[in-house]
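Worksheet: the structure to be examined is printed underneath.
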Amino acid sequence: MALLVLLRSGLWEREPDDLGCFPLSDESWGRLYRLARQQTVTGVVFRGLQHLPDELLPPGPLLLRWAAEVDAIERRNRAVDAAVAELCSKFRANGLEPVLQKGQGVALCYADPALRESGDIDFCFAGSRSFAAAAACVRQMGIEASSHADGSLHYRWRGVDVEHHNRLLDLHNPLLRGYAESLVDRWGYSSVGLHSVPGSDVSIPSRRLCLLLLNLHILKHVVGRGIGLRQLCDMARACHVFHGGDSSAEMEQVAGRLGIGRWSALLHSFLVDCLGLSPSCLPYSARAGSAASLSAIVWAGGNFGHYSPTGRMSSGSPVVARKFLTARSFLCNMRFSLCYAPKEALWIMAELMKGQFR
-9 MALLVLLRSG
1 LWEREPDDLG
11 CFPLSDESWG
21 RLYRLARQQT
31 VTGVVFRGLQ
41 HLPDELLPPG
51 PLLLRWAAEV
61 DAIERRNRAV
71 DAAVAELCSK
81 FRANGLEPVL
91 QKGQGVALCY
101 ADPALRESGD
111 IDFCFAGSRS
121 FAAAAACVRQ
131 MGIEASSHAD
141 GSLHYRWRGV
151 DVEHHNRLLD
161 LHNPLLRGYA
171 ESLVDRWGYS
181 SVGLHSVPGS
191 DVSIPSRRLC
201 LLLLNLHILK
211 HVVGRGIGLR
221 QLCDMARACH
231 VFHGGDSSAE
241 MEQVAGRLGI
251 GRWSALLHSF
261 LVDCLGLSPS
271 CLPYSARAGS
281 AASLSAIVWA
291 GGNFGHYSPT
301 GRMSSGSPVV
311 ARKFLTARSF
321 LCNMRFSLCY
331 APKEALWIMA
341 ELMKGQFR
């Protein structure tokens, strides 16, 4: 597929690995552009275009439109970086230390962080006391916040959606949360500067913790509404940047203990077979025979399943209808879930269904 050829080229800053699908017709270029937007990889694919021979480039009007979209992505990233830095400063002034879970922290794993499409800001305030103190701080700032079904806090700051979580890892099996917390304590955090904010200082998960966090986050969405290429590109770039050392045996042991060994092997296959990650960069070597089952979910729904034919629903849709859609999505993916991560998938479903139907 031409989109994956360009995505791999942009993701790894290299020449396209297969030009056999080019040249494309104007209509095909239009479809590719729309698909890149649905998968929220517009900027990375645009980077891949720069490695194409001139005679294979898309038509001029589309290229200009694409460039304008990438400019908007870069401006959005600067705005989100600024919002993260400002919020971290405000929380620290109140004695709190937020941990940036994904987003702008993971963007630093990209060759050009500004090309990764930003989403919302996810902060972790571990423990009920810290979480409550952060919520009180938000209220003192005059911000109207609301609670989500999963217990997270949501609000908008400087035009950016922000969420607070009281657990770093998206692990829903209560029998394993103590073990997960021990990993957080043992592996700890790192401090980084944001790409577009000189002198900024933000806490993010350490390399092994980041890889586990991304793995579990992808799994949660795969068994629910769906997942898109952006989140999988995040995982691929994180694997590329964080590989090395002697942690592979430990990472495999952790996956087995958490009941996500089979799922992780499938994820590894997708990263290598579809996104072009070098097998030597995987957290550990296990891979499934085929990534087809994960690929089907990715292509069916796009970014978080928003473009699934059965999953389209506006924010203005009735609450009951949105809750029904969430339940339906889990049921549709039940066979996949029971095959690759049965225990964790059942706990994800139980917890989210409890929240959806309160």
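Using the working numbering, you'd call the opening residue of the sequence shown number -9 and step up by one each time.
Quick reminder that beta carbons are idealized off the backbone N, C-alpha and C, glycines included.
**Asked** What is the rounded straight-line gap between the Cα of residue 192 and the Cα of residue 16?
**Response** Within the sequence shown, residue 192 is the residue found at index 202, counting from 1. Within the sequence shown, residue 16 is the residue found at index 26, counting from 1. Answer to the nearest angstrom: the Cα atoms are 44 Å apart.
**Prompt:** Which residue from 9, 160, 122 puts its Cα closest to that of residue 143?
**Reply:** The residue given as residue 143 occupies position 153 in the sequence shown. Looking at the Cα atoms, 122 is the closest of the given residues.
**Prompt:** Between the segment 131 to 142 and the segment 176 to 183, are three or more C-beta pairs nearer than 8 Å?
**Reply:** no
**Under 7 Å between C-beta atoms of residue 19 and residue 48** = For this step, residue 19 is matched to residue 29 along the sequence shown. For this step, residue 48 is matched to residue 58 along the sequence shown. A contact, by the Cβ cut-off of 7 Å.
**Endpoints, beta strand (DSSP E) assigned at residue 133** = On the sequence shown, position 143 is the one that residue 133 refers to. Where residue 133 is concerned, there is no enclosing beta strand (DSSP E), given that its DSSP letter is neither H nor E.
**Selection from 161, 224, 173 that minimises the alpha carbon distance to residue 332** = For the purposes of this step, residue 332 is identified with residue 342 of the sequence shown, where counting begins at 1. It is 161.
**Asked** Is the beta carbon of residue 91 sitting closer than 7 Å to the one on residue 110?
**Response** In the sequence shown, residue 91 corresponds to position 101, counting from 1. In the sequence shown, residue 110 corresponds to position 120, counting from 1. Taking 7 Å as the Cβ cut-off, residue 91 and residue 110 do not qualify as a contacting pair.
**Prompt:** What residue from 213, 341, 231 has the CA that sits closest to residue 286's CA?
**Reply:** If you number the sequence shown from 1, residue 286 lands on position 296. Comparing Cα positions, the closest option is 213.
**Message:** Strictly by DSSP, which residues pair up with residue 171?
**Reply:** Taking the sequence shown and counting its residues from 1, the one referred to as residue 171 is at position 181. DSSP, once it has assigned bridges, lists no residue as partnering residue 171.
**Prompt:** residue 154 lies in the beta strand (DSSP E); which residues open and close that run?
**Reply:** By 1-based counting over the sequence shown, the position of residue 154 is 164. Here the beta strand (DSSP E) through residue 154 covers 150 to 155.
**Alpha-carbon spacing of residue 106 relative to residue 72, whole angstroms** = If you number the sequence shown from 1, residue 106 lands on position 116. If you number the sequence shown from 1, residue 72 lands on position 82. Distance between the alpha carbons of residue 106 and residue 72 is about 16 Å.
**Item:** the segment 151 to 168 contacting the segment 321 to 332, beta-carbon criterion three pairs below 8 Å
**Value:** no
**Prompt:** Distance, Cα to Cα, residue 303 vs residue 224?
**Reply:** Stepping through the sequence shown from its first residue, residue 303 is reached at position 313. Stepping through the sequence shown from its first residue, residue 224 is reached at position 234. For residue 303, the predicted model reports a pLDDT of 49, less than 50, meaning its position is unreliable; a value from the coordinates is still stated below. Approximately 26 Å, taken between the alpha carbons.
**Asked** Okay, do the segment 118 to 133 and the segment 216 to 230 touch, 3+ Cβ pairs below 8 Å being the bar?
**Response** no
**Contact set for residue 167: own chain, Cβ-Cβ below 7 Å, skip 5 residues either direction** = Residue mapping note: residue 167 aligns to position 177 of the sequence shown, counting from 1. 161.
**Length-filtered (4 minimum) alpha helix (DSSP H) runs lying within the segment 59 to 135** = 93 to 97, 118 to 130
**Item:** Cβ-Cβ separation, residue 46 to residue 22 (assumed contact under 8 Å), whole Å
**Value:** Counting from one through the sequence shown, the residue named residue 22 turns up at place 32. Counting from one through the sequence shown, the residue named residue 46 turns up at place 56. No, residue 22 and residue 46 are not in contact; Cβ-Cβ is about 12 Å, not under 8 Å.
**Request:** Rounded to whole angstroms, what's the CA-CA distance from residue 75 to residue 89? Just pull it up for me.
**Result:** Along the sequence shown, read from residue 1 onward, the residue named residue 75 stands at position 85. Along the sequence shown, read from residue 1 onward, the residue named residue 89 stands at position 99. Roughly 12 Å between the two C-alpha positions.
**Request:** Go ahead and label residue 169 buried or exposed: buried means 16 or more other beta carbons lie within 10 angstroms of its beta carbon, across all protein chains shown.
**Result:** To locate residue 169, count along the sequence shown from 1; it is residue 179. Answer is exposed; the Cβ neighbour count stays below 16.
**Prompt:** Could you give the distance in angstroms between the alpha-carbon of residue 338 and the alpha-carbon of residue 206?
**Reply:** Numbered from its first residue, the sequence shown carries residue 338 at position 348. Numbered from its first residue, the sequence shown carries residue 206 at position 216. Rounded to the nearest angstrom, the two C-alpha atoms are 11 Å apart.
**Prompt:** Looking only at its own chain, which residues have a Cβ that is under 6 Å from the Cβ of residue 32, when we skip the five neighbours before and after it?
**Reply:** Working through the sequence shown from its first residue, we reach residue 32 at position 42. Cβ within range, chain order: 26, 59.
**Asked** For the beta strand (DSSP E) that residue 192 lies in, which residues bound it at each end?
**Response** On the sequence shown, position 202 is the one that residue 192 refers to. Run containing residue 192: 192 to 195, per the beta strand (DSSP E) assignment.
**Request:** Pick out whichever of 6, 10, 220 has its Cα sitting closest to the Cα of residue 41.
**Result:** Position 51 of the sequence shown holds residue 41. The shortest C-alpha separation from residue 41 is found at 6.
**Item:** Residues near residue 249 by beta carbon distance below 8 Å, same chain, minus five either side
**Value:** On the sequence shown, residue 249 is found 259 positions in, with the first residue counted as 1. If we look at residue 249 and ignore the five residues flanking it on each side, its Cβ neighbours are 163, 166, 331, 332, 333, 334.
**Item:** The alpha helix (DSSP H) enclosing residue 31, as first and last residue numbers
**Value:** By one-based count along the sequence shown, residue 31 stands at place 41. Segment: none, residue 31 is in no alpha helix (DSSP H) and carries neither H nor E.
**Asked** Under a three-way DSSP split, which group does residue 332 fall into?
**Response** For this step, residue 332 is matched to residue 342 along the sequence shown. Residue 332: helix per DSSP, three-state reduction.
**Message:** Measuring only the C-alpha atoms, how far is residue 94 from residue 62?
**Reply:** Counting from one through the sequence shown, the residue named residue 94 turns up at place 104. Counting from one through the sequence shown, the residue named residue 62 turns up at place 72. Cα-Cα distance, rounded: 16 Å.
**Asked** Relative to the alpha-carbon of residue 8, which residue among 151, 270, 264 has its alpha-carbon at the smallest distance?
**Response** Taking the sequence shown and counting its residues from 1, one reaches residue 8 at position 18. Among 151, 270, 264, the Cα nearest to that of residue 8 is on 264.
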